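This note's numbering numbers the first residue of the first sequence as 83 and each following residue consecutively. These notes are about the structure you will find just below.
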Amino acid sequence: MEQRGKVRGDYSEEEMELRRGPWTVEEDFTLINYIAHHGEGRWNSLARCAGLKRTGKSCRLRWLNYLRPDVRRGNITLEEQLLILELHSRWGNRWSKIAQHLPGRTDNEIKNYWRTRVQKHAKQLKCDVNSKQFKDTMRYLWMPRLVERIQAAASSSAPAAPPPPPPYHLNTPNSSSSSFGQPTNNMVASQTTPDNSSASESTENYAVIHNQEYSYPPNHNSCYADQQTLTNQTDFFNQGLDFNTQWIMDDTAAAHNLWDVDDIWLLQQQFNNNV
DNA sequence: AAGAATCACAACCGCCGCTAA
DNA sequence: GTTAGCGGCGGTTGTGATTCT
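Written out as structure tokens, the structure is:
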């Protein structure tokens with residue numbers, strides 16, 4: 083292997099031997115073997131103890147993004163694409179948080195996907211990826227198309243499956259050369275969020291989240307949630323949230339247990355700002 | 001067929017927050 | 001209270017592969 087990245091002379095002897103660049107098979111094997119026997123942990127000391135001439139950071143990155151046994155490789159599925167779009171519209175570039183909802187996918191992979199595929203489309207549209215125009219295009223054109231493809235794939239492979247609720251109520255003109263997505267399941271990306279509820283309409287004191295009813299804490303009327311959503315209802319209500327908003331959760335979010343305290347708190351803030 | 005352009009993705013960098021000394 | 005070390009995160013770069021002209 084070539085020795086790359088050797089730099090200034092004021093480094094210690096050990097630091098000067100640090101390797102950079104692509105990992106070799108031997109290095110991979112060493113790292114895997116070491117972690118198999120000792121587990122993950124202090125990455126800098128792990129690198130030293132394992133005899134790897136790499137920084138702890140480099141070892142951590144290699145393990146998390148590539149060597150970990152549960153890393154999922156291969157094309158991003160339609161469902162994953164839809165979920166990424168949905169979550170990015172919600173959280174922005176919080177790749178790590180988004181990755182938590184795509185099992186086996188790393189934040190790096192999602193980040194790369196976004197940069198290479200999604201930003202390409204923004205470029206084609208000659209608009210900024212953060213512009214309202216682009217976000218609307220995603221929300222009202224690409225995401226519905228993804229849903230259509232997902233549903234088409236699902237119906238062709240599983241005819242008995244009940245159709246999900248209609249996600250969008252829009253005609254979706256053919257999007258020229260968009261190569262967005264490839265097929266998969268029946269997630270739905272519709273939701274009624276505070277930003278499309280007027281203040282006067284938002285006085286109902288309940289949260290509608292999927293189909294499951296949950297016991298409600300004192301001083302609150304009712305609550306519907308999926309299994310893990312408000313797992314920590316104590317924490318949830320300790321945040322001092324009020325329920326002056328109707329939360330409607332869709333299958334996509336429910337299927338992935340998206341709604342934690344932070345999410346709902348954020349929505350609450352968005353709603354308050356929009357009032 | 002060859003060079004240019006673009007894509008895909010692994011890896012690095014710098015910053016920030018946490019924690020233990 | 002301060003500081004050094006560390007891990008985590010998002011942004012960016014480098015490069016081999018692929019596609020286009």
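Think of the CB as a built atom: it goes at the ideal place given N, C-alpha and C, for glycine as much as any other residue. Just so we're clear, the structure is a prediction, and the values are computed from it rather than from any experiment.
Alpha carbon of residue i to alpha carbon of residue j, nearest angstrom
i    : j    : result
R102 : L149 : 17 angstroms
L100 : S140 : 10 angstroms
Y418 : P226 : Residue 418 lies beyond the range of the chain shown here (83 to 357); nothing can be said about it.
Y116 : T219 : 47 angstroms
Q206 : R142 : 36 angstroms
K193 : T137 : 23 angstroms
G123 : Y222 : 44 angstroms
R154 : S213 : 31 angstroms
H120 : E191 : 27 angstroms
R130 : P151 : 22 angstroms
I114 : N126 : 15 angstroms
L128 : E109 : 13 angstroms
N175 : L165 : 14 angstroms
L167 : R197 : 12 angstroms
V107 : S238 : 42 angstroms
S171 : N147 : 24 angstroms
Contacts around residue i, its chain only, beta-carbon distance under 8 angstroms, and the 5 residues preceding and following it disregarded
i    : result
D189 : W177, S178, I180, A181
V367 : This structure leaves residue 367 out entirely; the chain is present only between 83 and 357.
Q215 : L207, C209
A118 : none
Option nearest residue i by Cα separation, candidates the options
i    : options                : result
R199 : N126, Q163, G123       : Q163
W145 : G186, N175, I166       : G186
N157 : H170, L184, L169, E168 : L184
E169 : K217, D110, S237, T106 : The sequence shown places Leu at residue 169, not Glu. Closest by alpha carbon: K217.
Beta-carbon contacts of residue i that lie in its chain and below 7 angstroms, excluding the five residues immediately before and after
i    : result
T112 : A132, G133, L134
W105 : R144
Heavy atom of the ligand NAD within 7 angstroms of residue i beta-carbon
i    : result
T112 : For the ligand NAD, the structure offers nothing, since it holds no ligand at all.
6 angstroms Cβ shell around residue i - same chain, five flanking residues per side excluded
i    : result
W173 : K179
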